[in-house]
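**Student:**
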Amino acid sequence: MLEVRDLHVAYGPAPALSGLSFELRNGELLCIVGPNGAGKTTLVNTLAGVLRAGAGRILFDGRDITALPPHRFCGAGIAIVPEGRRLFVSMSVRENLDMGSMLPGAKARRAESLEAVLALFPALRTRLAQPAGELSGGQQQMVAIGRALMARPRLLLLDEPALGLSPLIVRELFVAIGRINDEGTSVLLVEQNVMLALRIAHRAYVLEAGRMVADGTPDELASRDAIRRTYLGA
Amino acid sequence: MSGFALPSATLLAQSILSGIFTGALYGLLGLGLSLSWGLLRQINLAHFAFAFLAAYLCYQLAVLGVDPLLSLALIVPAFFALGAALHAAMARFSITPLNSLLLTFGLTGIVEAVIQAIWTADFRKLESAYGAHRFKIAGLFLPVPELITLLVAVVLSFGTWAVLHYTDFGKTLRASAEDAPIARAFGINQGRNAWLLAGTCSALAAVAGVCLALSFTLAPSQIYAWIGVVFAAVMLGGPGRALAPLAAGVVIGVSEAVTMAVTAPSWAPLVSFTLLIAILLLRPGRVA
Amino acid sequence: MSEGRTTSGPVADHAVAADAISAARRLPHAPIAIVGAAAVLAFLPALGLPAFYDSLLYLILSWIVLATSWNIFSGYAGYFSFGHGAFFGTGLYTSATLMARFDWPFLWTLPAAAACACLLGVALGAVVFRVKGIRGEVFALLTLAVTFVLGTIVGNTPLDGGSGVSLASVPIPRIGPTPPATFYLLALAAATLALLLSWRIAVSRLGAGLFAIHDDEDAAEVMGVPTFRYKLAALAISCALAGLAGGIHALFLNYVTVGEVFTIAVPLTVVLMSVLGGTRHWAGPAVGAVIITLLLYSFTAADLAVAGKAAVGVILIAAILFMPDGILPRAQRVFPRGKRPPLARAAVASEAPRTPAPAATVARGDVLLRARGVAKSFRGVRALAGVDIDVRRGEILGLLGPNGSGKSTFINLVSGRLVPTAGSIVFEGRELTRCAAYRIARAGVARTYQIPRPFRHFSVLDNVALAAMFGGGGAAEPAAARRDAMTWLAFTGLQDKAHAQPDELNLHQRKFLELARVLAARPRLVMLDEVLCGLTASEMDDAVALVRRIRDQGATVIFVEHVLHAVMAVTDRVVVLDYGVLLAAGPAAEVMRRPEVITAYLGQPYLPGHPPDTELAERPGA
Numbered sequence: 195m196l197e198v199r200d201l202h203v204a205y206g207p208a209p210a211l212s213g214l215s216f217e218l219r220n221g222e223l224l225c226i227v228g229p230n231g232a233g234k235t236t237l238v239n240t241l242a243g244v245l246r247a248g249a250g251r252i253l254f255d256g257r258d259i260t261a262l263p264p265h266r267f268c269g270a271g272i273a274i275v276p277e278g279r280r281l282f283v284s285m286s287v288r289e290n291l292d293m294g295s296m297l298p299g300a301k302a303r304r305a306e307s308l309e310a311v312l313a314l315f316p317a318l319r320t321r322l323a324q325p326a327g328e329l330s331g332g333q334q335q336m337v338a339i340g341r342a343l344m345a346r347p348r349l350l351l352l353d354e355p356a357l358g359l360s361p362l363i364v365r366e367l368f369v370a371i372g373r374i375n376d377e378g379t380s381v382l383l384v385e386q387n388v389m390l391a392l393r394i395a396h397r398a399y400v401l402e403a404g405r406m407v408a409d410g411t412p413d414e415l416a417s418r419d420a421i422r423r424t425y426l427g428a
Numbered sequence: 005m006s007g008f009a010l011p012s013a014t015l016l017a018q019s020i021l022s023g024i025f026t027g028a029l030y031g032l033l034g035l036g037l038s039l040s041w042g043l044l045r046q047i048n049l050a051h052f053a054f055a056f057l058a059a060y061l062c063y064q065l066a067v068l069g070v071d072p073l074l075s076l077a078l079i080v081p082a083f084f085a086l087g088a089a090l091h092a093a094m095a096r097f098s099i100t101p102l103n104s105l106l107l108t109f110g111l112t113g114i115v116e117a118v119i120q121a122i123w124t125a126d127f128r129k130l131e132s133a134y135g136a137h138r139f140k141i142a143g144l145f146l147p148v149p150e151l152i153t154l155l156v157a158v159v160l161s162f163g164t165w166a167v168l169h170y171t172d173f174g175k176t177l178r179a180s181a182e183d184a185p186i187a188r189a190f191g192i193n194q195g196r197n198a199w200l201l202a203g204t205c206s207a208l209a210a211v212a213g214v215c216l217a218l219s220f221t222l223a224p225s226q227i228y229a230w231i232g233v234v235f236a237a238v239m240l241g242g243p244g245r246a247l248a249p250l251a252a253g254v255v256i257g258v259s260e261a262v263t264m265a266v267t268a269p270s271w272a273p274l275v276s277f278t279l280l281i282a283i284l285l286l287r288p289g290r291v292a
Numbered sequence: 090m091s092e093g094r095t096t097s098g099p100v101a102d103h104a105v106a107a108d109a110i111s112a113a114r115r116l117p118h119a120p121i122a123i124v125g126a127a128a129v130l131a132f133l134p135a136l137g138l139p140a141f142y143d144s145l146l147y148l149i150l151s152w153i154v155l156a157t158s159w160n161i162f163s164g165y166a167g168y169f170s171f172g173h174g175a176f177f178g179t180g181l182y183t184s185a186t187l188m189a190r191f192d193w194p195f196l197w198t199l200p201a202a203a204a205c206a207c208l209l210g211v212a213l214g215a216v217v218f219r220v221k222g223i224r225g226e227v228f229a230l231l232t233l234a235v236t237f238v239l240g241t242i243v244g245n246t247p248l249d250g251g252s253g254v255s256l257a258s259v260p261i262p263r264i265g266p267t268p269p270a271t272f273y274l275l276a277l278a279a280a281t282l283a284l285l286l287s288w289r290i291a292v293s294r295l296g297a298g299l300f301a302i303h304d305d306e307d308a309a310e311v312m313g314v315p316t317f318r319y320k321l322a323a324l325a326i327s328c329a330l331a332g333l334a335g336g337i338h339a340l341f342l343n344y345v346t347v348g349e350v351f352t353i354a355v356p357l358t359v360v361l362m363s364v365l366g367g368t369r370h371w372a373g374p375a376v377g378a379v380i381i382t383l384l385l386y387s388f389t390a391a392d393l394a395v396a397g398k399a400a401v402g403v404i405l406i407a408a409i410l411f412m413p414d415g416i417l418p419r420a421q422r423v424f425p426r427g428k429r430p431p432l433a434r435a436a437v438a439s440e441a442p443r444t445p446a447p448a449a450t451v452a453r454g455d456v457l458l459r460a461r462g463v464a465k466s467f468r469g470v471r472a473l474a475g476v477d478i479d480v481r482r483g484e485i486l487g488l489l490g491p492n493g494s495g496k497s498t499f500i501n502l503v504s505g506r507l508v509p510t511a512g513s514i515v516f517e518g519r520e521l522t523r524c525a526a527y528r529i530a531r532a533g534v535a536r537t538y539q540i541p542r543p544f545r546h547f548s549v550l551d552n553v554a555l556a557a558m559f560g561g562g563g564a565a566e567p568a569a570a571r572r573d574a575m576t577w578l579a580f581t582g583l584q585d586k587a588h589a590q591p592d593e594l595n596l597h598q599r600k601f602l603e604l605a606r607v608l609a610a611r612p613r614l615v616m617l618d619e620v621l622c623g624l625t626a627s628e629m630d631d632a633v634a635l636v637r638r639i640r641d642q643g644a645t646v647i648f649v650e651h652v653l654h655a656v657m658a659v660t661d662r663v664v665v666l667d668y669g670v671l672l673a674a675g676p677a678a679e680v681m682r683r684p685e686v687i688t689a690y691l692g693q694p695y696l697p698g699h700p701p702d703t704e705l706a707e708r709p710g711a
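Chains as they are written, first to last, in this note's numbering: chain A, 195 to 428; chain B, 5 to 292; chain C, 90 to 711.
1. So if I threshold CB-CB distances at 7 Å, which residues from the segment 629-652 of chain C count as touching chain A?
2. Confirm, please, whether the CB-CB distance from residue 298 (chain C) to residue 559 (chain C) is below 8 Å.
3. Need the endpoints of the alpha helix (DSSP H) that residue 236 (chain C) sits in, please.
4. Give me the DSSP bridge partner(s) of residue 147 (chain B).
5. Which two residues bound the contiguous beta strand (DSSP E) that contains residue 474 (chain C)?
6. Kindly list the residues whose CB is nearer than 7 Å to the CB of residue 496 (chain C), restricted to its own chain and excluding five residues on each side of it in sequence; keep chain order.
7. Check the DSSP bridge columns for residue 645 (chain C) and list the partner residues they point to.
8. If I'm right that residue 321 (chain A) touches residue 329 (chain A) with Cβ under 8 Å, what's the distance once you round it to whole angstroms?
9. In angstroms with no decimal places, state the Cα-to-Cα distance between residue 277 (chain A) and residue 354 (chain A).
10. When we look at the beta-carbon of residue 191 (chain C) and count the other beta-carbons within 10 Å, is it buried (16 or more) or exposed?
11. In this structure, does DSSP put residue 287 (chain A) in helix, strand or coil?
12. Taking only the alpha-carbon atoms, compute the straight-line gap between residue 84 (chain B) and residue 78 (chain B) and give it to the nearest angstrom.
13. Please state whether DSSP places residue 285 (chain B) in a helix, a strand or coil.
14. Excluding sequence positions up to five away, which residues of its chain have a Cβ less than 8 Å from the Cβ of residue 271 (chain A)?
15. Here's the rule I'm using: 16 or more other beta-carbon atoms within 10 Å means buried, otherwise exposed. How should residue 197 (chain C) be labelled?
16. Could you tell me if residue 200 (chain A) is buried or exposed, where buried requires 16 or more neighbouring beta carbons within 10 angstroms of its beta carbon?
17. Residue 176 (chain B) touches chain A at which residues, Cβ-Cβ below 8 Å?
18. Using CA atoms only, rank isn't needed, just tell me which of C:386, C:333, C:522, C:195 is closest to residue 159 (chain C).
19. Taking only the alpha-carbon atoms, compute the straight-line gap between residue 732 (chain C) and residue 124 (chain B) and give it to the nearest angstrom.
20. Check whether chain C comes within 8 Å of residue 263 (chain B), counting only Cβ atoms and requiring the distance to be less than that.
21. Exposed or buried, what is residue 433 (chain C) when buried is set at 16 or more other beta-carbons lying within 10 Å of its beta-carbon?
22. Quick one: which unbroken alpha helix (DSSP H) runs of 4-plus residues sit fully inside the segment 204-228 of chain B? Chain order, please.
23. Please determine, among B:130, B:283, B:139, the residue with the shortest C-alpha to C-alpha distance to residue 235 (chain B).
24. Please name the residue in A:215, A:219, A:205, A:242 whose C-alpha comes closest to that of residue 345 (chain A).
25. Quick check: is the beta carbon of residue 114 (chain B) nearer than 8 Å to any beta carbon in chain C?
26. Rounding to the nearest angstrom, what Cα-Cα distance links residue 381 (chain C) and residue 362 (chain C) in this structure?
27. Over what stretch of residues does the beta strand (DSSP E) that includes residue 226 (chain A) continue unbroken?
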């Protein structure tokens, strides 16, 4: 479904991704793990159109989307849950969710999508009119995921959803993410918390300094030294 | 310096009413400026020049026999197009808010020169059927032009508020102003939204200009007289909001009017500018 | 006659000539040019031209004073003020009042005018500069509002009373052959003063600090620039000069009104002149003043005053869009001034860069920095929750932890960029906790930024020289600081890039520039924030070697990093933070094996085939 070939992305003079290649199959929940500075957020932002690739190709369902203008990525079927959530804090929860469904296709099914999101995250039902900035971290993350789901994406990108949240909330979120994938949406999950990510993934890649250094199923990776070495240096 | 003189109740009430009317015009002028500053991150000093240009055009059409309110049908679309075109031209350069201030000052100079070239520096007064009428209620005078201005200001302010809060377009504008890259990631075409908004702000300036022409005498130098007090109104309420300029404008208008009634007219500017300074010192974050 | 030199013959003559040339080169050109030009122009009235020329030239010179004085604060430091009309007007009315009401002789009112304007500026600055967030367009509008408030007050009180002040009966001193000539000569003197001050500030330490404030005020403050004092000083000088111009103008006009000065016209004209000519150059505003005044005059003379306004508008727009730096820098690029080599090159030619001698053996082991109970919350989010950390003299301490654990917050607290919500930080026995950031820098603390923040408009050499001037080392004057800077650039291997702009460097070079800046401040504590991020393997090795050499120079290093093999290789001890709490401290290899640290980084252990969490596990496999 998603194929990335030899992707090069830079922040000014700093190369963040250097010749990255990987693929994600339809219906899969793929995890990309790696320490800070490895380029995980850069990758997610490039796939969502927030950043522009310097070289390489991104193919989505066979269609080359690398050179699309930023606002067309969502229409192609990709929705992002950014690092740090990046909600529109002055707007209400309902308005944030609406923002996810501004494109014609999603807009037509807005009511239906809203029901689905509220079924997934019941805690939001009573908070629809509240300004998003007043919610707790975990609730904000629910809104961020909900906002992306409102776009009815074929591929959901999640950038470190567990960041800064307590273990209990994180577990709830990851259960929800698993459910989203079960219902047919492909998921690309980027996480620093390796073990948690490995528990719901079908496959995973390990990213270090802008390059993939290992890949495989969770079982394969957990028993290998690659992860240990990358994270703990020993 | 004239000393303090407590005016009669009727005089005070008339002053307050007059302040409300003037404040409504401050608010109407401030609406376009506020939207442009808050949602487009451009401080458009030329807003005032455009308002005056529209005012002069309205005057000219009236001289040719066109009713001022009907002339809106011509003037508003024309200025919408002007604003959109100007924005499209400026969008090629990335301009900081401070630079937009300087640039639009240059534009103001050009527009002022054009106005003066066509209509000279003499004072011009629009003579219309509306100007001749006024209502009298409970001993207070309500001139029709000012009433029209108040009505227009209220309708447009509430209308803008409704658009910003109840329509999808309004929501995308607010979201883009808050976090443009993420709004884009959800499919918002900011380029198109921007020139639509710029055109609307221009159109709002034009409407304000027509109301100005109805009530006030026009002269090119007068463009600058409004800048300070309208900026004060915009900042008092915070840029990017629909109802705030009107509310703040009325507060300033009434304060000025009461000051004028109690002391002397020349003290009036002190009110708005002191308020402005106070706001900037106490809450600079809300403005930036 | 120095030793070792032949006393006669062509070689000796050449040596003597070379000495004379290098001596002449050491004399600064600018002030000589200014004073020389002024001396020549002073003879103009003697030519007996029609009075009209004296008046026109007076106007040009008066605008030169106004624009140059505006630029000293607003152009150099980047705080665009729209209040210059207020200071000009204050000077104007001070002079007018003293002459009309108190019968002061004209010339005595001038210092008073300058003083009053200066006081107003200092009072304004003392209030406004203390409020964080008043910059850019907010500052511009604030100063404009002050102008109108002042104008209203003046117009409504006996100072003016709405009717203006007449100075018809005030005698004009006979400095020149005619009254217009007198004003011309006074304005010439004022313009000379203004240009000399503008030049002197631009090449001094004050100027360097102001330009740094322009590029990045926060980084400047953390580097040791006393931003509040410098801004106030520049504003005071700027206002004093504007007041002086106002004082002279009062008698020139003969009849002063509020509408003449307390308007939007004066500040906007002044901004236009400076922006057009170039705000970073001491002579830029003067160039702009001459061009604009002549332009406006020629339009007025041709009865096209209105078109003149439009032309000015067009020029302003063109300048903002196409020449945002102004005319002078553009001209300098077209005609590079190759004659005068920068002092730095002279320094390089005369002395090869020496490796700085390591400091005397440091007393390792005693505590250099002691943080106790340090906590920081932002709007309900607890970034640090009561952390105790000891940093020992001479060690390289690694500061580790997952994303969001509070590492950067800790560095920001120690460097003074943030104030702790609770706790204390003691450095070499001194309480740092509520100190201004520049004082902390002077005390010997320096830091780098994860994303390098060089000062954009300064060359690589000058970036480092700034740190030498304002950091704990205290090489006071620019020339000495540049020599120091050259040595540090050589130390980090950047000497060939000394005259490049930071934009031209790649990431590796920018990181080394940050390191050179840190070194130039000769700090005793260095905090490196993810300095290896984004580097290739071999670049990382270079950086790690440099970190060791920094410690060998006598500094203690706090090393925030994620690249763990580097941490293992170079640190003596590490401290691990997690969710704002201290998790572990000790030697790196030992700490990274502790279970709580592993869990913090990786999560609960995942055992292949036997996941303990059933809900998560019940998923269709790949």
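The C-beta atom is built at its ideal place from N, Cα and C for all residues, glycine as well.
**Tutor:** Reading off the structure:
1. 651
2. Counted from its first residue, the third sequence places residue 559 (chain C) at position 470. Counted from its first residue, the third sequence places residue 298 (chain C) at position 209. A contact, by the Cβ cut-off of 8 Å.
3. Along the third sequence, one-based indexing puts residue 236 (chain C) at 147. Unbroken alpha helix (DSSP H) run through residue 236 (chain C): 225-245.
4. Position 143 of the second sequence, counted from the start, is the residue given in the question as residue 147 (chain B). Bridge partners of residue 147 (chain B): B:138.
5. What you label residue 474 (chain C) is simply residue 385 of the third sequence in a count that begins at 1. Note, residue 474 (chain C): beta strand (DSSP E), 470-481.
6. As a working mapping, residue 496 (chain C) is identified with position 407 in the third sequence. Cβ within range, chain order: 488, 490, 649, 666.
7. Mapped onto the third sequence, residue 645 (chain C) falls at position 556. Beta-bridge pairing links residue 645 (chain C) to C:614.
8. Walking along the first sequence from the start, residue 321 (chain A) turns up at place 127. Walking along the first sequence from the start, residue 329 (chain A) turns up at place 135. Going by Cβ atoms, the distance from residue 321 (chain A) to residue 329 (chain A) rounds to 7 Å, so yes, they are a contact pair.
9. Stepping through the first sequence from its first residue, residue 277 (chain A) is reached at position 83. Stepping through the first sequence from its first residue, residue 354 (chain A) is reached at position 160. Going from the Cα of residue 277 (chain A) to the Cα of residue 354 (chain A) covers about 6 Å.
10. The sequence position of residue 191 (chain C) within the third sequence is 102, counting from 1. Classification for residue 191 (chain C): exposed.
11. Counted from its first residue, the first sequence places residue 287 (chain A) at position 93. Helix, per DSSP.
12. Indexing the second sequence from 1 puts residue 84 (chain B) at position 80. Indexing the second sequence from 1 puts residue 78 (chain B) at position 74. Taking the straight line joining both Cα atoms gives about 11 Å.
13. Here residue 285 (chain B) refers to the residue found at position 281 of the second sequence. Three-state DSSP puts residue 285 (chain B) in a helix.
14. Within the first sequence, residue 271 (chain A) is the residue found at index 77, counting from 1. Excluding positions up to five away in sequence, the list reads 254, 255, 347, 348, 349.
15. Locating residue 197 (chain C) in the third sequence gives position 108, counting from the first residue. Flag for residue 197 (chain C) reads exposed.
16. Indexing the first sequence from 1 puts residue 200 (chain A) at position 6. When all chains shown are included, residue 200 (chain A) counts as exposed.
17. As a first step, residue 176 (chain B) is located in the second sequence; it is residue number 172 there, counting from the start. The answer, in chain order, is 293, 296.
18. Numbered from its first residue, the third sequence carries residue 159 (chain C) at position 70. Residue C:333 is the option with its Cα nearest to residue 159 (chain C).
19. Nothing about residue 732 (chain C) can be reported from this structure: the residues present for chain C run from 90 to 711 only.
20. As a first step, residue 263 (chain B) is located in the second sequence; it is residue number 259 there, counting from the start. Taking Cβ atoms only, chain C never reaches closer than 8 Å to residue 263 (chain B), which makes this a no.
21. For the purposes of this step, residue 433 (chain C) is taken as residue 344 along the third sequence, with counting starting at 1. Model confidence at residue 433 (chain C) stands at a pLDDT of 37, short of 50, so the residue's coordinates are unreliable and nothing is read from them.
22. none
23. The residue you call residue 235 (chain B) lines up with position 231 of the second sequence. Nearest option by C-alpha distance: B:283.
24. As a working mapping, residue 345 (chain A) is identified with position 151 in the first sequence. Checking every option, the nearest Cα to that of residue 345 (chain A) belongs to A:242.
25. For the purposes of this step, residue 114 (chain B) is taken as residue 110 along the second sequence, with counting starting at 1. Yes - at least one Cβ of chain C is within 8 Å of the one on residue 114 (chain B).
26. For the purposes of this step, residue 381 (chain C) is taken as the residue at position 292 of the third sequence. For the purposes of this step, residue 362 (chain C) is taken as the residue at position 273 of the third sequence. Residue 381 (chain C) and residue 362 (chain C): Cα-Cα distance of roughly 7 Å.
27. Position 32 of the first sequence holds residue 226 (chain A). Run containing residue 226 (chain A): 223-227, per the beta strand (DSSP E) assignment.
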